[in-house]
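Following: one structure in structure tokens, then a few remarks.
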Ligand code: GUN
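In the working numbering, the protein residues as written are 5 to 300.
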């Protein structure tokens, strides 16, 4: 392996320790512990696993977390009513509505109901809109994209004037990452299912962020020598040698890419742990905003 490994697990761990220290300091000063409310609607098993992990992480750093679960057939008004109740609850600093929502619920309307000051996921249309505009700052940056940017910084990637390719255009990862890279003065190409010659575009990329959800899609000979590769994909593939019968791989063929790239994130242990670390950071920030203290 030629590339430097960008160890998301270790980087996230040190961020979590920083958050814990700040939370401890708040509480020692007599300020309330930050509070995060999570909302799951429906029975998506992956959502339940992710939200459980978020609660555990909150507990570890001293953030109060309160879970709400609603059935899949919850009417729109009821979903919005719960969010409004959480907006008015002073113990709740951050509100996280786990996505995707069940079919039949209007995601944009639910997210639009979240108070801007409590939008720790950064998915409120106003926060996303600000991300897309020059000279405007969102109050919160979505957690996975913020984690990607942090890893790029830690991996020593020069973004100014760099050619960056983002694979995928989802609301949760691809599009906000692309906007953040533009803000960092990279020249960004967004690739998606209709893009022609994806390998050719990736070959010119100094920075590659892969978020398409296709196991080991990006091959080693697509990577520009020395490029920084951030792999957001988490895909299960069959592996009979494992007790579980599967293993996790990213959207990039790691073994091949690691021979060519300058720096690369592993899967697991790359972007995944960063998402939760950024959520904890955003929740701490929301608590500071509620104190009237806008410190990033
Ligand atoms: N679904 C997948 N990733 C996320 C995330 O970061 N936040 C929320 N709310 N839902 C998600």
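Ideal placement from N, C-alpha and C gives every residue a C-beta, glycine not left out. Since this is a predicted model, take the numbers as computed values, not measurements.
Please report the straight-line C-alpha distance between residue 18 and residue 245, rounded to a whole angstrom.
Taking the first residue of the chain shown as position 1, residue 18 is located at position 14. Taking the first residue of the chain shown as position 1, residue 245 is located at position 241. Their Cα atoms are separated by approximately 33 Å.
What number of angstroms, rounded off, separates the C-alpha of residue 3 from the C-alpha of residue 40?
Any property of residue 3 remains undetermined from this structure, which presents the chain solely from 5 to 300.
Taking the straight line between their C-alpha atoms, what separation do you get for residue 11 and residue 214?
Counting from one through the chain shown, the residue named residue 11 turns up at place 7. Counting from one through the chain shown, the residue named residue 214 turns up at place 210. Going by the C-alpha atoms only, they are around 17 Å apart.
Out of 167, 130, 241 and 111, state which residue places its alpha-carbon closest to the alpha-carbon of residue 217.
The count along the chain shown starts at 1 and reaches residue 217 at position 213. Closest by alpha carbon: 241.
What does the alpha-carbon distance come out to for the pair residue 98 and residue 118?
In the chain shown, residue 98 corresponds to position 94, counting from 1. In the chain shown, residue 118 corresponds to position 114, counting from 1. Roughly 9 Å separates the two Cα atoms.
Output the distance between the C-alpha atoms of residue 20 and residue 66, rounded to the nearest integer angstrom.
The count along the chain shown starts at 1 and reaches residue 20 at position 16. The count along the chain shown starts at 1 and reaches residue 66 at position 62. Answer to the nearest angstrom: the Cα atoms are 11 Å apart.
Who are the Cβ neighbours of residue 88 in its own chain at under 7 Å, not counting the five residues just before and after it?
For the purposes of this step, residue 88 is taken as the residue at position 84 of the chain shown. Excluding positions up to five away in sequence, the list reads 117.
Give every residue of the same chain whose Cβ lies closer than 6 Å to the Cβ of residue 229, excluding the five residues on either side of it in the sequence, and list them in chain order.
On the chain shown, residue 229 is found 225 positions in, with the first residue counted as 1. These residues qualify, in order along the chain: 264.
Compute the minimum distance between the beta carbon of residue 125 and the heavy atoms of ligand 1, and state whether it is under 7 Å.
Against the chain shown, residue 125 aligns to sequence position 121. Flag set: Cβ of residue 125 near ligand 1.
Would you give the residue range spanned by the beta strand (DSSP E) that residue 69 belongs to?
The residue you call residue 69 lines up with position 65 of the chain shown. Run containing residue 69: 68 to 74, per the beta strand (DSSP E) assignment.
Of the residues 69, 105, 115 and 102, the one placed nearest residue 93, counting alpha carbons only
Counting from 1 along the chain shown, the entry for residue 93 is found at position 89. Residue 93 has its Cα closest to that of 69, out of 69, 105, 115 and 102.
Between the segment 28 to 37 and the segment 158 to 175, can you find at least three pairs of beta-carbon atoms closer than 8 Å?
no
Inter-residue CB distance, residue 203 and residue 253 (contact presumed, cutoff 8 Å)
One-based indexing of the chain shown puts residue 203 at position 199. One-based indexing of the chain shown puts residue 253 at position 249. About 19 Å separates the two Cβ atoms, so there is no contact after all.
Under the rule that 16 or more other beta-carbon atoms within 10 Å means buried, what is residue 259, buried or exposed?
Here residue 259 corresponds to residue number 255 of the chain shown, with the count starting at 1. With fewer than 16 Cβ atoms within 10 Å of its Cβ, residue 259 is classed as exposed.
Other residues of its chain near residue 291: CB distance less than 6 Å, five sequence neighbours each side excluded:
Residue numbering aside, residue 291 sits at position 287 when the chain shown is read from its first letter. Once the five neighbours on either side are set aside, the close Cβ partners of residue 291 are 38 and 97.
Residue 31 lies in the alpha helix (DSSP H); which residues open and close that run?
Start at 1 with the first residue of the chain shown, and residue 31 comes out as number 27. Segment 12 to 32, the alpha helix (DSSP H) holding residue 31.
Environment of residue 211 [buried if 16+ CB atoms lie within 10 Å]
Residue mapping note: residue 211 aligns to position 207 of the chain shown, counting from 1. Residue 211 is buried by the Cβ-count criterion.
Whose C-alpha, out of 143, 138, 106 and 129, is nearest the C-alpha of residue 121?
Position 117 of the chain shown, counting from 1, holds the residue named residue 121. The option with the nearest alpha carbon to residue 121 is 143.
Does the beta-carbon of residue 176, which I'm using as the reference point, lie nearer than 7 Å to any heavy atom of ligand 1?
For the purposes of this step, residue 176 is taken as residue 172 along the chain shown, with counting starting at 1. Answer for residue 176: yes, Cβ within range of ligand 1.
Nearest-angstrom Cα separation, counted from residue 111 out to residue 78
As a position in the chain shown, residue 78 is number 74, starting the count at 1. As a position in the chain shown, residue 111 is number 107, starting the count at 1. Answer to the nearest angstrom: the Cα atoms are 13 Å apart.
With DSSP as the reference, please indicate the residues paired to residue 97 in a beta bridge.
Taking the first residue of the chain shown as 1, we reach residue 97 at position 93. Answer by DSSP bridge pairing: none, since residue 97 is not bridged.
Would you tell me roughly how many angstroms separate the C-alpha atoms of residue 44 and residue 52, rounded to the nearest one?
By one-based count along the chain shown, residue 44 stands at place 40. By one-based count along the chain shown, residue 52 stands at place 48. Distance between the alpha carbons of residue 44 and residue 52 is about 7 Å.
Taking 7 Å as the cut-off, is the CB of residue 137 close to at least one heavy atom of ligand 1?
Mapped onto the chain shown, residue 137 falls at position 133. False, no ligand heavy atom lies under 7 Å from that Cβ.
Comparing C-alpha positions only, which one of 182, 9 and 100 sits nearest to residue 286?
Here the question's residue 286 lines up with position 282 in the chain shown. Checked all of 182, 9 and 100; the closest Cα to residue 286 is 100.
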